Amino acid sequence: MARFIKKHKHEIGLSPYDLTFRGDKKIENVLLRIIDFDSLNLNEEIIKNVSDINKFKNSDTVTWLNIDGLHNINIIKELAKVFNLDSLILADVMNTETRPKIQEYENCIYISVKMLQLNEKSGIISIENLSLILTKSALITFQEKKGDVFEPVRERIRTSKKRIRNSNIDYLTFALLDVVIDNYIHILSVLGEKIEDIEDNFIMNPSKNVVEKINFYKRELNFIRKNIGPTKEMLLALSKIESELINDSSSIFFKELQDNLKQVLESSESYREILSDQLNIYHSSMSTKLNDTMMFLTVFSVIFIPLTFIAGVYGTNFDVLPELHYKYSYFIMLGLMAIIAIGMLLYFKRKKWL
Amino acid sequence: MARFIKKHKHEIGLSPYDLTFRGDKKIENVLLRIIDFDSLNLNEEIIKNVSDINKFKNSDTVTWLNIDGLHNINIIKELAKVFNLDSLILADVMNTETRPKIQEYENCIYISVKMLQLNEKSGIISIENLSLILTKSALITFQEKKGDVFEPVRERIRTSKKRIRNSNIDYLTFALLDVVIDNYIHILSVLGEKIEDIEDNFIMNPSKNVVEKINFYKRELNFIRKNIGPTKEMLLALSKIESELINDSSSIFFKELQDNLKQVLESSESYREILSDQLNIYHSSMSTKLNDTMMFLTVFSVIFIPLTFIAGVYGTNFDVLPELHYKYSYFIMLGLMAIIAIGMLLYFKRKKWL
Amino acid sequence: MARFIKKHKHEIGLSPYDLTFRGDKKIENVLLRIIDFDSLNLNEEIIKNVSDINKFKNSDTVTWLNIDGLHNINIIKELAKVFNLDSLILADVMNTETRPKIQEYENCIYISVKMLQLNEKSGIISIENLSLILTKSALITFQEKKGDVFEPVRERIRTSKKRIRNSNIDYLTFALLDVVIDNYIHILSVLGEKIEDIEDNFIMNPSKNVVEKINFYKRELNFIRKNIGPTKEMLLALSKIESELINDSSSIFFKELQDNLKQVLESSESYREILSDQLNIYHSSMSTKLNDTMMFLTVFSVIFIPLTFIAGVYGTNFDVLPELHYKYSYFIMLGLMAIIAIGMLLYFKRKKWL
Amino acid sequence: MARFIKKHKHEIGLSPYDLTFRGDKKIENVLLRIIDFDSLNLNEEIIKNVSDINKFKNSDTVTWLNIDGLHNINIIKELAKVFNLDSLILADVMNTETRPKIQEYENCIYISVKMLQLNEKSGIISIENLSLILTKSALITFQEKKGDVFEPVRERIRTSKKRIRNSNIDYLTFALLDVVIDNYIHILSVLGEKIEDIEDNFIMNPSKNVVEKINFYKRELNFIRKNIGPTKEMLLALSKIESELINDSSSIFFKELQDNLKQVLESSESYREILSDQLNIYHSSMSTKLNDTMMFLTVFSVIFIPLTFIAGVYGTNFDVLPELHYKYSYFIMLGLMAIIAIGMLLYFKRKKWL
Amino acid sequence: MARFIKKHKHEIGLSPYDLTFRGDKKIENVLLRIIDFDSLNLNEEIIKNVSDINKFKNSDTVTWLNIDGLHNINIIKELAKVFNLDSLILADVMNTETRPKIQEYENCIYISVKMLQLNEKSGIISIENLSLILTKSALITFQEKKGDVFEPVRERIRTSKKRIRNSNIDYLTFALLDVVIDNYIHILSVLGEKIEDIEDNFIMNPSKNVVEKINFYKRELNFIRKNIGPTKEMLLALSKIESELINDSSSIFFKELQDNLKQVLESSESYREILSDQLNIYHSSMSTKLNDTMMFLTVFSVIFIPLTFIAGVYGTNFDVLPELHYKYSYFIMLGLMAIIAIGMLLYFKRKKWL
């Protein structure tokens, strides 16, 4: 299965307004969860019908509508009506194979970003597309499935009476993006530990699956970089947007996000280099080991070659072969062989071939 | 045949206005097909004479003239007259070896882009030059041969009464470019699957044509990148053009095109790296296999060397060789040989040389 | 001989106004050829004295003075007087080792560019410096020797009554630069064919000079890139010059030149990569071949090792060696040897070592 | 332990205002040291309570408060109150895993930079985060532990009555950053000497830990580059800041800093290349040595092969084997063997195989 | 000794105003030489005291003060007084380890650049820092030791009455920088010739020090690039300076300098690639040679293996071994051996293993 890019033949040339879910269905039922708050009140609710949102939408509070699951077109269409969204946005929301990007519309800002998930056992990283739509009255987030990295933000909303409860939708957006990027850092630091462990392991206990491991992590890093690299452009565009939806004073937070992202990308680059180095070290240590062995075996063989030759000479059946008839010939031959063998051993030792 | 750049000696220094077809003739007869539509009416017709176009041209409808085949200079010249085109454009249209580019003229915009075609059996990618000329009254597209990727767009024009039927020439242009780039994505995703399959295959069933396959796909990716890379510049220039022919509200579509193209280029880069990695893995797995075999054979030989030497010693014909005359000497020798062989086997086993 | 950069000790620190010919003399006599034309008249003449140019210079026609050979300082100095040129330009003209560049002066524009010449037999590419000086009254071109790539342009001037005969000096400049770059494309496409042939050849008929060939073409591409790479900057500067000598409407032609040059540079990059790939394929195919052979020889040796050992054992001279005295021992031994040999052959076959 | 990036799961999604110490505690007690000076007076004091700072803060003197240790949140909070600092700054100060950066606030400038420390014995480079906060009334510096590279600056403040004593907070900032970067240069020059020594050593006295050493220094350089690379951006941003806290005339000092930093980065790049070259030289010298040895051993074996064969022939027991019965056969055979051996030796010598 | 970067511990954190000579003392006595000229007069003098300069300084002539040797702080300080120079400049002048740079001051421009010196015998390139200070009244140049590349400029001042004698200080500066860069070109062309010779030599007469030579030149090129690379930035900054000290009409000369420098850097890049290619060619030619030899030796051994086996079989002592008793058995065996040997030779020949 092509992991980096996907398009089926029947998808070519679909209208950009075409509302088809282009992705893998990862959840059974669509779940709509609302968190509505201001500095004093907090309301957390799971709604059944899209229309239920109207009671939150028009108040002065910050409304965060989170939607898990994208395959139900009717819900998406209703949302478009309630929030008066351009249908191009919703087509984008439903296409989970896009690059991270940002798009400004008349009445909203559309942000798409990738969430990474690390299966800590297998070390495999999976990916989920996250879409955020900032409107004047609410922040809408779309996820492909249940389970996300936003729990810390919800917890901060619930418990703290401070900053986040006093802030606006743009600050909430920042908090969510922050948690997404924090998660990148966490995943990379987990990967990083595993990568830095590889070397110690293969020096202690060399085994052939090191190469596989290294290549596995290389691909994982490649995958991460490909999916989060464009986020850099997105954040840059975000910081340049001049919209009433984004407060000027937020710029400092977006700079923070950019710094964190840069750290992620630079670290992933560093780990790639470490992996390359490790591969080289492994190969050179393997080849050193092989060479040493071959050398040993060759030297071993070479020592016997003149000895076998001597035995061969005295195995000939010549009528006249004077040495054969001396009483101590055999012992002299053995002695000679011993001297030759020891001489060669010493010579090879001195030459450091053994 | 030079696949990346072509120029015959007699073509050097031709006037840029010179109307010669510079390419391979890929179709017998030139085919002119018109689709003329507005939100209410739709007219699809194949015309014989260029002059037939006049009846569509001056109406308020969107007129799309598609021309398959570029070798008939007379038709091209007539077109120039009907649409009052600079002859430089037509010279460009007829030169199929140019880079993707865009050029603004007084009364039209000229766009050239590459269409890729994947032969799904052989995996060979062929290329066709597509020229688009946006004029106030019509969109003219030139293809080298019959058969194209535009069918989905035609189908949308025929069936849907919505967006595309209500739009103008610039939106049609966007739809065509979109389908061309969608096709890039599709081809790359097909290639991608094949590339990701290679590794599984050669681990299961190693064979020597893996290297050839990898190099084949490397060249294909190289070919793709070279032909679609400059499209990036073209789209950038397109998004910056200030012309009455292009509506300001279209800019969002061109951004979409740019995003898709970036995805294509980044994925092709990712696949190139995967291929390089695969090549390294293959070579290292081959060399490991070879080394293991050579090691085995060497160890095998080495075990017999002292045994053969011992046999040689007792094959000598010395008059005095006491061991020969003991009754069990032969059996002792065999036993000794067995001990030596087993000892060496154990030693090599412990050293992990076997 | 240093092919990429040249400076003799005595040349260090010469005044930039110093009029010395710094290059290799490639022609015996300096040749001055004038083509003077407008839409109606055409005058082609070889002049002896520089002063003869005055009769053409002041007319309204386009005057193209081409000079083959740079070593005669007197002619150069006379030219400077006739056209009132800054002596810095002439010093530049006479230094054939400069990078392609453009320089605007008060009354003229100086352009320097490299012409390539491919010896189709040896495949060696030689280089010649071409200087163009655009003045209000004439275009002066300086070449190091006779024979150039301008014949198609001359032919177009002679035969066609159209565009080129109606145009001005800037268009003539464009036509000459176009023919120079067209020639780059041609040379690269010839090289390209040869490069793409290499692979087929060495798979059919491997020989050791492939590496030499590949390295030869690598150096040729390196040489081309080094000499024509800076032309890109030159064209960019040219397109930005605001001078009354260059008509605004010419900008489209310079864009054409830039596109062609980009194609040349990108193709040369592609061919470099192909050569690198070929080198890798060659080395890997050579090493595969070598490994196969060594494996075969090793396996062959290994089969005889136990057989020779057995023969050795029965060659020992023990008094008591029961097997020696059975009637069929010899044949049993031969049979045993055959069984061992066949067994090993089958084993190695199954292991795919043979 | 992931050396390049760190984030624990419980740290994900913390509010950016969250004041938690994110780093390793490297010191027991927090130490607050004040140096307060103008051209005439100098006051150096270690204070116990943060409030003690008030007496220095409001004077016209330059006040430098240096804090060693970041884990005591109360002290940090008190500081925020005294200097009226945005709590975001303090969160940044306490997160020691950030990239070098600069951030302008309403009433202060926050600078973060890495200090390197070279353990001259082990050659291991450790890192410490340094935060500087420029306010109108004082410069506050935060270090993770005791012991720093600022002693030379303190000494200059104590002894010289010149420039530094007459300057303002911005100049002090410059002096501190200068000493940090000077320290980079020093560390790199120490590393550089060690790196340049490697080559001489392994040519004299080849040993297998060269590869480990080279890889060790490669990782050190990688580590340095990753940690000080972003300082470049920081300095650029610093030089562009338009703040009343920074005097225009300081720009020349920041340019100096940038130049020094560039030198560091370029040198680290040069050393990386040297290490790569050294690795190649080592591998090629090792492989040459191995090849020479294998060649010698092979040639040695090959010489005995025909000799052993001859002995084998005359060891056969044919009834009729005429050579066996001549009187000098044995000696002729020995002579023949000597001739063959010497002949082969000479041949191999001429072929330069020995 | 660290060749690329140097800083001793005691130098860390010195005030930028600190006037200490940081470099190697390369000359015994400081030498002050004045050349004072205008179009009519020329005055060349070696002065003892700095104050002697006053008589030249205030005239309308161009005054060039050249100082060889930097270790005498008193002279430097006096100069500062005479020309009213910022002490930061003099600190820069005395630090010979800086990167090439340019700095504009209120009353002067400071330029620092590297002079290269090639020891033509050993091929070792040494470096010297050159500082130029342009003031309104004089050009002051500082060199580390006697002997420079400026003789051609002095000669031009002495002999020619033209351009240089009529020009101002900025033109003199240009002439000196020109001669420095011309010298880069000369050194690189000398290196270039040696590099291009390497290949011919090692094909004719392969020896193992080729790798050392190649690595030597690689390091030399690395050294050159590191030291003159930043000159590019310096020249760019110089061309952008708007100062009354530099005439607008000089810009054309600085463009010339930039072009020459680019040529140097591009050529050094080309030579680096050539060296890399040469290394690859050398290694591949060495490995081909080794493989051919090993193949030959292996084939030689393999031919004897079955022969020795046959001899072994007939060396066995079976009571019943019929072949032993036929009259021609021995000769048949010899014939059989010959046939086997020749057969194998032919087989190996056909397989191209010999």
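Protein chains in written order, with the working numbering: chain A, 1 to 354; chain B, 355 to 708; chain C, 709 to 1062; chain D, 1063 to 1416; chain E, 1417 to 1770.
Glycine is no exception: its CB is placed at the ideal position from the N, C-alpha and C atoms.
Remember, predicted model here, so these are calculated numbers, not experimental data.
{"Item": "Using 8 Å for Cβ pairs, my map puts Ile1614 of chain E next to Ser1684 of chain E. What's the rounded Cβ distance?", "Value": "So it is not a contact: roughly 16 Å between Cβ atoms."}
{"Item": "Taking a Cβ distance cut-off of 7 Å, strictly less, list which residues of the stretch 564 to 579 of chain B are near chain C, in chain order.", "Value": "Val565, Asn569, Lys572, Asn576"}
{"Item": "DSSP has Asn397 of chain B in a bridge; who is on the other side?", "Value": "B:Asp390"}
{"Item": "Can you give me the C-alpha to C-alpha distance between Leu470 of chain B and Asp1321 of chain D, rounded to a whole angstrom?", "Value": "49 Å"}
{"Item": "Identify every residue that forms a DSSP beta bridge with Ala1237 of chain D.", "Value": "Answer by DSSP bridge pairing: none, since Ala1237 of chain D is not bridged."}
{"Item": "Strictly under 8 Å for the Cβ-Cβ distance: is Asn955 of chain C near chain B by that measure?", "Value": "no"}
{"Item": "Identify which residue in C:Lys963, C:Ile720, C:Ser1009, C:His991 has its Cα closest to the Cα of Lys940 of chain C.", "Value": "C:Lys963"}
{"Item": "Are the Cβ atoms of Ser1527 of chain E and Met1650 of chain E separated by less than 8 Å?", "Value": "Residue identity differs from the one stated: residue 1527 of chain E is Ile in this sequence, not Ser. Their beta carbons are under 8 Å apart, which means Ile1527 of chain E touches Met1650 of chain E by this criterion."}
{"Item": "What are the boundary residues of the beta strand (DSSP E) that includes Thr817 of chain C?", "Value": "In the sequence under discussion, the amino acid at residue 817 of chain C is Ile, which differs from the Thr named in the question. Per DSSP, Ile817 of chain C belongs to the beta strand (DSSP E) from 816 to 826."}
{"Item": "Please list the partners that Gly312 of chain A has in chain D, where partner means a Cβ-to-Cβ separation under 7 Å.", "Value": "Thr1370, Ala1373, Gly1374, Gly1377"}
{"Item": "Are Phe1720 of chain E and Phe1371 of chain D touching if we call contact CB-CB under 8 Å?", "Value": "yes"}
{"Item": "Pick from C:Glu904, C:Asp1027, C:His991: whose alpha carbon is nearest that of Ile982 of chain C?", "Value": "C:Glu904"}
{"Item": "Kindly list, in the order they appear in chain B, the residues whose Cβ is closer than 7 Å to that of Leu290 of chain A.", "Value": "Asn645"}
{"Item": "Tell me whether Asn1128 of chain D sits in a helix, a strand or coil according to DSSP, three-state version.", "Value": "strand"}
{"Item": "Between which two residues does the beta strand (DSSP E) carrying Thr996 of chain C extend?", "Value": "From DSSP, Thr996 of chain C is part of no beta strand (DSSP E) but of the alpha helix (DSSP H) over 959 to 1021."}
{"Item": "With distances taken from CA atoms, which of C:Asn749, C:Asn780, C:Phe791 is nearest Asp760 of chain C?", "Value": "C:Phe791"}
{"Item": "Only counting the same chain, and skipping five residues up and downstream in sequence, which positions put a Cβ closer than 6 Å to that of Thr1557 of chain E?", "Value": "Asn1482, Leu1548"}
{"Item": "Between the C-alpha atoms of Phe1669 of chain E and Ile743 of chain C, what's the straight-line distance to the nearest angstrom?", "Value": "34 Å"}
{"Item": "In whole angstroms, give me the CA-to-CA distance for Ser521 of chain B and Cys108 of chain A.", "Value": "24 Å"}
{"Item": "Could you give the DSSP three-state label for Lys1517 of chain E: helix, strand or coil?", "Value": "strand"}
{"Item": "Would you mind telling me which residues of chain A sit closer than 8 Å to Leu350 of chain B, beta carbon to beta carbon, in chain order?", "Value": "Coverage of chain B is limited to positions 355 through 708, which leaves residue 350 of chain B absent and any answer about it impossible."}
{"Item": "Does Phe174 of chain A have its Cβ less than 8 Å from a Cβ in chain B?", "Value": "no"}
{"Item": "DSSP three-state call for Asn166 of chain A: helix, strand or coil?", "Value": "helix"}
{"Item": "Look up Phe1499 of chain E in the DSSP assignment and give the residues it is bridged to.", "Value": "Paired residues: none, contrary to the question."}
{"Item": "Do you know offhand how far Asn29 of chain A's Cα is from Glu120 of chain A's?", "Value": "27 Å"}
{"Item": "Compile a chain-ordered list of the residues in the stretch 1527 to 1539 of chain E whose CB is closer than 8 Å to at least one CB of chain D.", "Value": "none"}
{"Item": "Measuring alpha carbon to alpha carbon, tell me which of C:Asn955, C:Leu987, C:His1033 ends up nearest Leu1737 of chain E.", "Value": "C:His1033"}
{"Item": "Tell me, please, which residues DSSP counts as bridged to Asn483 of chain B.", "Value": "B:Lys468"}
{"Item": "In three-state terms, what does DSSP make of Thr1557 of chain E?", "Value": "strand"}
{"Item": "How close, in whole Å, do the beta carbons of Arg519 of chain B and Asp392 of chain B come, if the pair is a contact with beta carbons under 8 Å?", "Value": "7 Å"}
{"Item": "If you draw a straight line from the C-alpha of Leu633 of chain B to the C-alpha of Gly1254 of chain D, how long is it?", "Value": "35 Å"}
{"Item": "According to the neighbour-count rule (16 or more other Cβ atoms, all chains shown, within 10 Å of its Cβ), is Glu952 of chain C buried or exposed?", "Value": "exposed"}
{"Item": "Could you compute how far the alpha carbon of Ile354 of chain A sits from the alpha carbon of Tyr538 of chain B?", "Value": "The amino acid at residue 354 of chain A is misidentified as Ile; the sequence shows Leu. For Leu354 of chain A and Tyr538 of chain B, the distance between alpha carbons rounds to 59 Å."}
{"Item": "When you check each C-beta in the stretch 452 to 463 of chain B against every C-beta of chain C, which residues fall closer than 8 Å?", "Value": "Thr452, Arg453, Lys455, Gln457"}
{"Item": "Can you list, in chain order, the residues of its chain with a C-beta nearer than 7 Å to that of Met355 of chain B? Leave out the 5 residues immediately preceding and following it.", "Value": "Here Met355 of chain B scores only 43 on pLDDT, less than 50, and its place in the model is too uncertain to base an answer on."}
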